[in-house]
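Visitor: Counting the sequence shown from 1 gives a position; the numbering used here is that position plus 529.
After the structure tokens below, expect a handful of questions from me.
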Amino acid sequence: MSPERLQKRLARAGVASRRAAEEMIAAGRITVNGEVAVLGRTVTDADDIRLDGQLIETESVPKVTYMLYKPRGYVTTARDEYGRRNVLDAMPRIPGLHPVGRLDRDSEGLLLLTTDGDLTLTMTHPRFGHEKAYRAWTDGPEDPTQAELDALTDGSLKLEDGPARALQVTPARGGAFVTLGEGRNRQVRRMLEDIGHPVTRLLRYRVGGLWLGNMEVGEYQQLDERDLQDLLHPEKVPAAIWDRQWERIQKRWG
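Here it is, written out as structure tokens:
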């Protein structure tokens with residue numbers, strides 16, 4: 530094979546998305562033939578490529594994607610310096626499997642894991658704007674009102690890392706349903722705390738057109754072609770199926 534960019538080779542091997550691979554290179558975690566790699570490096574099949582000292586099998590790995598009902602208390606990382614339980618502990622051992630984006634340690638619900646670096650890029654890059662929907666339970670003597678929640682969608686909310694806006698917010702018993710078109714760190718928690726309703730429990734029940742449904746905590750399943758189509762193209766999910774999924778979520782967590 531002709532030379533190609535190192536980050537592309539890492540993504541093709543299922544190590545991470547290209548963007549995440551670039552971060553690994555910049556952090557000095559990748560070596561090529563015993564030398565710390567730099568951004569812009571090209572490689573061939575003959576090169577010895579290692580991540581944190583571990584040899585990377587650079588042949589393309591089979592593309593598989595799973596959805597997991599992530600339990601609370603698990604960190605969304607493939608490697609944790611503190612030895613905490615991570616989401617790969619809940620999955621079968623598959624070379625190149627890595628989480629798609631993040632769901633913070635104290636949160637639960639739908640998390641994608643894949644060996645497909647291109648899918649990871651598609652689902653995590655802001656320009657694609659894939660929706661993520663959450664059920665939040667909040668603290669306080671009163672439940673959030675629709676008037677209070679409107680501040681999350683009208684563009685007036687300012688967080689420390691810039692303006693934040695939800696796509697849709699509706700009140701629920703003891704909290705709210707929140708839909709985002711972006712995925713900044715602990716964003717739902719910070720937004721609700723900003724309007725005086727700190728979150729005590731947070732569950733993600735939908736990503737794109739893929740729903741958590743009736744899955745139980747810690748359960749996982751491999752996605753088939755139909756699931757991937759729904760994930761990437763929610764606008765093509767039949768309205769009747771969408772409504773049935775939403776009714777299921779409301780019945781279970783409303």
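Beta carbons: idealized from backbone N, C-alpha and C, even for Gly.
1) Can you name the start and end residues of the alpha helix (DSSP H) that Leu761 belongs to?
2) Give the straight-line distance between the Cα atoms of Val572 and Leu731, rounded to the nearest whole angstrom.
3) Around the C-beta of Ala542, are 16 or more other C-beta atoms found within 10 angstroms, so that it is buried, or is it exposed?
4) Can you list the beta strand (DSSP E) stretches of 3 or more residues lying completely in the stretch 549 to 603, in chain order?
5) Return yes when the Cβ of His627 is within less than 9 Å of the Cβ of Thr644, no when it is not.
6) Check whether the Cβ atoms of Arg547 and Asp581 sit closer than 9 Å, and answer yes or no.
7) By the DSSP assignment, the beta strand (DSSP E) with Leu650 in it spans what residues?
8) DSSP state of Leu617, grouped into three classes?
9) Under three-state DSSP, which class holds Glu637?
10) For Thr674, is the classification buried or exposed, using 16 other Cβ atoms within 10 angstroms of its Cβ as the cut-off for buried?
11) What residues in its chain sit with their C-beta under 6 Å from that of Gly704, if we drop five residues either side in the sequence?
12) Could you compute how far the alpha carbon of Glu745 sits from the alpha carbon of Leu641?
13) Where in the stretch 692 to 728 do unbroken runs of the alpha helix (DSSP H), each at least 4 residues long, occur, reported from the N-terminal end onward?
Guide: Here's the rundown:
1) Here the alpha helix (DSSP H) through Leu761 covers 754 to 761.
2) One C-alpha to the other measures close to 43 Å.
3) Taking all protein chains in view, the Cβ of Ala542 is crowded by 16 or more other Cβ atoms within 10 Å, so the residue is classified as buried.
4) Here the runs fully enclosed are 559 to 561, 578 to 580, 594 to 599.
5) Going by C-beta atoms, Thr644 is nearer than 9 Å to His627.
6) In this structure, Arg547 sits away from Asp581, with a CB-CB distance that is not shorter than 9 Å.
7) According to the DSSP assignment, Leu650 belongs to no beta strand (DSSP E) but to the alpha helix (DSSP H) extending over 646 to 653.
8) Leu617: helix per DSSP, three-state reduction.
9) It is a strand residue.
10) The Cβ neighbour count for Thr674, taken over all protein chains shown within 10 Å, is under 16; the residue is labelled exposed.
11) Ala665, Trp666, Thr667.
12) In a straight line, the C-alpha of Glu745 is about 15 Å away from that of Leu641.
13) Fully enclosed alpha helix (DSSP H) runs of 4 or longer: 716 to 723.
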